[in-house]
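Here the structure comes first, spelled out in structure tokens, and everything after it is commentary.
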Amino acid sequence: MSVAQRVGPLLEQAIAVLLNRVDRRDTVSIKVALREAREAAPYLVASDEELTEAIVEAATAMGLCVAFDCGE
């Protein structure tokens, strides 16, 4: 089972919506994507690590580059 499935189908859809707004030439910022996911779903109980993995899975499946900038 993928992490995206473990964090739930609604979150998976929310991540897809967030990533669909990204221009294909841009890089997905994990820091920004985490913030936007938490704002879109404030009730979310998934950890940052689970969300990060779900975002990376979705972004790479869409052919997007990912910036691991959480520590900045």
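With this note's numbering, the residue at position 21 of the sequence shown is 1059, and numbering never jumps. For every residue, glycine included, the Cβ atom is placed at its ideal position computed from N, Cα and C. Note that this is a predicted model, so its numbers are computed, not measured.
Start and end of the alpha helix (DSSP H) containing residue i?
i, result
"residue 1099", "1086-1099"
"residue 1056", "1047-1058"
Give every residue of the same chain whose Cβ lies closer than 7 Å to the Cβ of residue i, excluding the five residues on either side of it in the sequence, and list them in chain order.
i, result
"residue 1074", "1056"
"residue 1094", "1104"
"residue 1060", "1066, 1102"
Per DSSP, residue i forms a beta bridge with which residues?
i, result
"residue 1103", "1065"
To which residues of the same chain is residue i closer than 8 Å at the C-beta, ignoring the five residues directly before and after it?
i, result
"residue 1108", "1068, 1069, 1072, 1086, 1090"
"residue 1096", "1042, 1050, 1053, 1054, 1057"
"residue 1079", "1048, 1049, 1052"
Inspect the CB distances between the stretch 1096-1105 and the stretch 1051-1069 and report whether three or more fall short of 8 Å. Contact between the stretch 1096-1105 and the stretch 1051-1069 is present: three or more C-beta pairs spanning the two stretches fall below 8 Å.
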